[in-house]
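Numbering (my numbering), first residue to last: 820 to 973.
Okay, structure coming up:
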């Protein structure tokens, strides 16, 4: 008899009970609906942010490229943005006053691809610094739009 009372007290201690399966399912569905509504908005903001960073970085590289050209003259066709980080072999050591960027990562766009240096340029007088956007393909809209010297091309 004593054992029956002890068991009875243990099971009713605190008067708590667990959640039913239905309650758990309802909570999971509510969380899923909220995630489906909020996630696309947040992901869209990430894409906009990356495009803005690409514009800013391309503009900074264009400024660095102008400094390079002032010191070393116009680069040869086929040169890459690496000339802003390492002295090219065809430039005298005394002329090159680089590196013209703070670190080698500055040469990459927010999607991890190296910015392109286009000589001869397609859009500007001396050179183009280009990011091909999120898709890595020429053209595009929104996050996939190309960035040329700090401006989005549409």
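For glycine and all other residues, C-beta sits at the position ideal for the given N, C-alpha and C.
Taking the beta carbon of residue i as the centre, do at least 16 other beta carbons fall within 10 Å, making it buried, or is it exposed?
i           : result
residue 888 : exposed
residue 934 : buried
residue 962 : buried
residue 856 : exposed
residue 965 : buried
residue 903 : buried
residue 968 : buried
residue 955 : exposed
If you reduce the DSSP assignment to three classes, tell me which class residue i lands in.
i           : result
residue 935 : strand
residue 965 : strand
residue 998 : Beyond the ends of the chain as shown, which are 820 and 973, falls residue 998; an answer cannot be given.
residue 885 : helix
residue 838 : coil
Write down the C-beta distance between residue i and residue j rounded to the nearest angstrom, noting that I regard them as a contact closer than 8 Å.
i           : j           : result
residue 883 : residue 920 : 5 Å
Is it true that the stretch 876-896 meets the stretch 923-931, where meeting means three or more beta-carbon pairs spaced less than 8 Å apart?
The stretch 876-896 is in contact with the stretch 923-931.
Does the count of Cβ pairs from the stretch 893-910 and the stretch 949-966 closer than 8 Å reach three?
For the pair of segments examined, the stretch 893-910 was found not to touch the stretch 949-966: the number of CB pairs separated by less than 8 Å stays below three.
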